[in-house]
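Below is one structure; the comments refer to it alone.
In our numbering, the protein residues as written are 5 to 263.
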């Protein structure tokens, strides 16, 4: 990753906006849509700033002054002097999908966002809110954290009752709690990778990488593939032990690399 993607809570917070015209108006709409309050450069409470000035020299001077005060600054259309960039956004509140290119190409980010827009149903936001509202009931049904996470993973899987890409009703989560099967026990799944390219991962392998608690792997499995696992999955070079560790373990092999 060239940048760390984060979501910033701006509700009720001051955000400096410097500039006028269409560029500034676009940033104003974005800030206010997220609940922020646009203020001028004299404000001393803000921690973020946007500079929307067409003249490059003037924009740089303004940005340098704000950075000297300790603010993180976004300079519109000048990613090389930005502390942060703003992504293309797919909004299914409270679910947000942000597509960024580090300022390399807003057009690429826009094209990806438009494709994702066609995939995510409008019921996704209400589904996420319903899961949040049912948090207590979910904890009662599955008291242990790993067990709870595996139950949710099964529900969210493609074709599952909580599949984010499906269409849902107000009763979806309640129904899932009533009929959900118990999570599968500790197990190891061995996967023979098709190649050393992450582009060749099957949908099944990609899904399992997103669910695994432990990822065991041949030494020559590239980092680009290991990075597809969820961030808190434990990585191990070598074969898995017997018995299996708690939860779901994967063993990634590269048969082609071994002749």
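Positions of the beta carbon are idealized from the N, C-alpha and C atoms, including for glycine.
Requested in this report: Could you spell out where the beta strand (DSSP E) holding residue 32 opens and where it closes?
Outcome: In the chain shown, residue 32 corresponds to position 28, counting from 1. Residue range 26-37 is occupied by the alpha helix (DSSP H) that includes residue 32, with no beta strand (DSSP E) assigned at that position.
Query raised in the report: Three-state secondary structure (DSSP) at residue 201?
Result: Locating residue 201 in the chain shown gives position 197, counting from the first residue. Correct three-state label for residue 201: coil.
Query raised in the report: Name the DSSP beta bridge partners of residue 196, please?
Result: In the chain shown, residue 196 corresponds to position 192, counting from 1. 257.
**Report entry** Segment contact flag, the stretch 70-86 with the stretch 15-30, C-beta cutoff 8 Å, min 3 pairs
**Finding:** Judged by pairs of C-beta atoms under 8 Å, the stretch 70-86 touches the stretch 15-30, as three or more such pairs exist.
Query raised in the report: Which residue from 181, 184, 225, 218 puts its Cα closest to that of residue 202?
Result: Translated into positions along the chain shown, residue 202 becomes position 198. Ranking 181, 184, 225, 218 by Cα distance to residue 202 puts 225 first.
Query raised in the report: Where are the alpha helix (DSSP H) runs, 4 residues long or more, that stay fully inside the stretch 144-200, in chain order?
Result: Fully enclosed alpha helix (DSSP H) runs of 4 or longer: 149-160, 176-183.
Query raised in the report: Between the beta-carbon of residue 216 and the beta-carbon of residue 166, is there less than 7 Å?
Result: The residue given as residue 216 occupies position 212 in the chain shown. The residue given as residue 166 occupies position 162 in the chain shown. Against a cut-off of 7 Å, the Cβ pair of residue 166 and residue 216 comes out as no contact.
**Report entry** Cβ-based neighbour list, residue 38, same chain, cut-off 6 Å, excluding 5 preceding and 5 following
**Finding:** For this step, residue 38 is matched to residue 34 along the chain shown. The residues are 14.
**Report entry** Terminal residues of the beta strand (DSSP E) in which residue 18 lies
**Finding:** For this step, residue 18 is matched to residue 14 along the chain shown. Unbroken beta strand (DSSP E) run through residue 18: 18-23.
Query raised in the report: Taking the C-alpha atoms as reference points, what is the distance between residue 156 and residue 186?
Result: For the purposes of this step, residue 156 is taken as residue 152 along the chain shown, with counting starting at 1. For the purposes of this step, residue 186 is taken as residue 182 along the chain shown, with counting starting at 1. Distance between the alpha carbons of residue 156 and residue 186: 10 Å.
Requested in this report: Going by CA-CA distance only, name the one from 206, 163, 33, 214 that's closest to residue 154.
Outcome: Position 150 of the chain shown holds residue 154. For the residues 206, 163, 33, 214, the minimum Cα distance to residue 154 belongs to 214.
Query raised in the report: Where in the stretch 43-70 do unbroken runs of the beta strand (DSSP E), each at least 3 residues long, occur, reported from the N-terminal end onward?
Result: With a minimum length of 3 residues, the continuous beta strand (DSSP E) runs that stay inside the stretch 43-70 are 52-56.
Query raised in the report: Roughly how many whole angstroms lie between the Cα atoms of residue 235 and residue 16?
Result: Translated into positions along the chain shown, residue 235 becomes position 231. Translated into positions along the chain shown, residue 16 becomes position 12. The straight-line gap from Cα to Cα measures roughly 31 Å.
Query raised in the report: The alpha helix (DSSP H) spanning residue 137 covers which residue range?
Result: Translated into positions along the chain shown, residue 137 becomes position 133. Residue 137 -> alpha helix (DSSP H) spans 128-137.
Query raised in the report: Between the C-alpha atoms of residue 211 and residue 160, what's the straight-line distance to the nearest angstrom?
Result: Within the chain shown, residue 211 is the residue found at index 207, counting from 1. Within the chain shown, residue 160 is the residue found at index 156, counting from 1. If you take the alpha carbons of residue 211 and residue 160, they lie about 10 Å apart.
Requested in this report: Would you tell me roughly how many angstroms separate the C-alpha atoms of residue 53 and residue 68, rounded to the nearest one?
Outcome: Here the question's residue 53 lines up with position 49 in the chain shown. Here the question's residue 68 lines up with position 64 in the chain shown. Near 11 Å, if we compare the C-alpha coordinates of residue 68 and residue 53.
Query raised in the report: Are the beta-carbon atoms belonging to residue 19 and residue 50 less than 7 Å from one another?
Result: If you number the chain shown from 1, residue 19 lands on position 15. If you number the chain shown from 1, residue 50 lands on position 46. For residue 19 and residue 50, yes; Cβs fall inside 7 Å.
Query raised in the report: So residue 99 packs on residue 128, CB below 8 Å; how close in whole Å?
Result: As a first step, residue 99 must be located in the chain shown, where it is residue number 95. As a first step, residue 128 must be located in the chain shown, where it is residue number 124. Confirmed, Cβ separation roughly 5 Å.
**Report entry** Best match in 140, 10, 221, 168 for proximity to residue 130 [C-alpha to C-alpha]
**Finding:** Residue numbering aside, residue 130 sits at position 126 when the chain shown is read from its first letter. For residue 130, the closest C-alpha among the options 140, 10, 221, 168 is that of 168.
Query raised in the report: At which residues does the alpha helix (DSSP H) containing residue 119 begin and terminate?
Result: Here the question's residue 119 lines up with position 115 in the chain shown. Unbroken alpha helix (DSSP H) run through residue 119: 110-123.
**Report entry** According to DSSP, residues forming a beta bridge with residue 95
**Finding:** For the purposes of this step, residue 95 is taken as residue 91 along the chain shown, with counting starting at 1. According to DSSP, residue 95 shares a beta bridge with 100.
Query raised in the report: What residues are listed by DSSP as bridge partners for residue 241?
Result: As a working mapping, residue 241 is identified with position 237 in the chain shown. Partner(s): 221.
**Report entry** Beta-carbon gap between residue 177 and residue 132 smaller than 7 Å
**Finding:** Locating residue 177 in the chain shown gives position 173, where the first residue counts as 1. Locating residue 132 in the chain shown gives position 128, where the first residue counts as 1. For residue 177 and residue 132, no; Cβs fall outside 7 Å.
Requested in this report: For residue 41, name the three-state secondary structure that DSSP assigns.
Outcome: To locate residue 41, count along the chain shown from 1; it is residue 37. In the three-state scheme derived from DSSP, where H, G and I count as helix and E and B as strand, residue 41 is classed as strand.
Requested in this report: From the DSSP output, in three-state form, read off residue 262 for me.
Outcome: Here the question's residue 262 lines up with position 258 in the chain shown. With a pLDDT of 45 at residue 262, under the threshold of 50, the predicted position of this residue should be treated as unreliable, and no value is reported.
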